[in-house]
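Residue numbers (the numbering used here), protein chains in the order written: chain A, 1 to 96; chain B, 1 to 96.
Ideal Cβ positions, reconstructed from N, Cα and C, are used throughout, including at glycine.
A quick note: this is a predicted structure, and the numbers were derived from the prediction, not measured.
For reference, the structure discussed in these notes is given below.
2 protein chains.
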Amino acid sequence: MIRHTVAFTLKHAAGSDAETAFLSDALMLERIPGVQKFERLRQTSPKANYAFGFSMEFADQAAYDGYNVHPDHVAFVRDRWVPEVSAFQEIDYVAL
Amino acid sequence: MIRHTVAFTLKHAAGSDAETAFLSDALMLERIPGVQKFERLRQTSPKANYAFGFSMEFADQAAYDGYNVHPDHVAFVRDRWVPEVSAFQEIDYVAL
Numbered sequence: 001m002i003r004h005t006v007a008f009t010l011k012h013a014a015g016s017d018a019e020t021a022f023l024s025d026a027l028m029l030e031r032i033p034g035v036q037k038f039e040r041l042r043q044t045s046p047k048a049n050y051a052f053g054f055s056m057e058f059a060d061q062a063a064y065d066g067y068n069v070h071p072d073h074v075a076f077v078r079d080r081w082v083p084e085v086s087a088f089q090e091i092d093y094v095a096l
Numbered sequence: 001m002i003r004h005t006v007a008f009t010l011k012h013a014a015g016s017d018a019e020t021a022f023l024s025d026a027l028m029l030e031r032i033p034g035v036q037k038f039e040r041l042r043q044t045s046p047k048a049n050y051a052f053g054f055s056m057e058f059a060d061q062a063a064y065d066g067y068n069v070h071p072d073h074v075a076f077v078r079d080r081w082v083p084e085v086s087a088f089q090e091i092d093y094v095a096l
């Protein structure tokens with residue numbers, strides 16, 4: 001199992017319609033084949049400069065690779081992530 | 001539910017006895033009251049400069065606060081974390 005996470009901050013104002021729309025539209029990611037346990041999260045540590053997070057799991061590297069190149073993921077990154085996200089940190093985990 | 005995570009890198013050489021000892025001794029953290037779903041993880045994203053991670057969950061902020069001030073946690077941070085960890089990023093999540 002690979003857990004793929006990304007903590008991020010949006011360019012949109014907190015509570016704005018644009019923020020709500022981004023977080024809602026991101027639900028399309030969980031319909032991409034291979035995505036398991038998709039979660040939309042609020043980042044709450046004062047020691048991290050990120051407001052939100054997504055977390056998802058893949059059974060193996062092949063499933064993760066399939067997600068990365070899936071047209072719906074590529075389009076989301078191009079059309080929503082790049083223009084609307086101001087900062088992010090990807091962190092991926094496997095069991096030790 | 002609050003998910004507390006920390007990605008980190010050790011000062012120890014990869015595969016060293018000191019690395020193994022740190023990761024093994026950290027299991028004491030899961031015995032601190034309030035800690036749920038404690039996980040020791042390897043960080044695998046090439047986009048993040050961290051080698052490992054811990055993840056744990058707390059039922060609520062009171063449980064998290066109790067962990068933070070518990071003598072066993074305070075001692076671990078003082079005696080092991082500060083001297084042995086070279087870099088880290090805490091990220092905490094709650095459901096959106």
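Task: Cβ of B:Ala26 within 7 Å of any chain C Cβ - done: As a matter of chain content, chain C is missing from the structure shown, whose protein chains are A and B.
Task: Residues that A:Leu23 contacts on chain B, provided the C-beta gap is smaller than 7 Å - done: Leu96
TODO: Using a threshold of 7 Å, state whether the C-beta atoms of A:Ile51 and A:Thr9 are closer than that.
DONE: Checking the sequence shown, residue 51 of chain A turns out to be Ala, not Ile. Yes. Within cutoff.
Open item on the list: I need the DSSP call for A:Asp60, collapsed to helix, strand or coil.
Closed with: coil
Task: Residues in the segment 35-68 of chain A having any Cβ partner in chain B nearer than 8 Å - done: Glu39, Arg40, Leu41, Arg42, Gln43, Thr44, Ser45, Lys47, Ala48, Tyr50, Phe52, Gly53 and Ser55
Task: Of the listed residues B:Val69, B:Gln36, B:Asp72 and B:His70, nearest to B:Thr5 (C-alpha basis) - done: B:Gln36
TODO: Tell me whether A:Tyr93 sits in a helix, a strand or coil according to DSSP, three-state version.
DONE: strand
Open item on the list: Output needed in chain order: residues of the segment 70-95 of chain A with a Cβ under 7 Å from some Cβ in chain B.
Closed with: Gln89, Glu90, Ile91, Asp92, Tyr93, Val94 and Ala95
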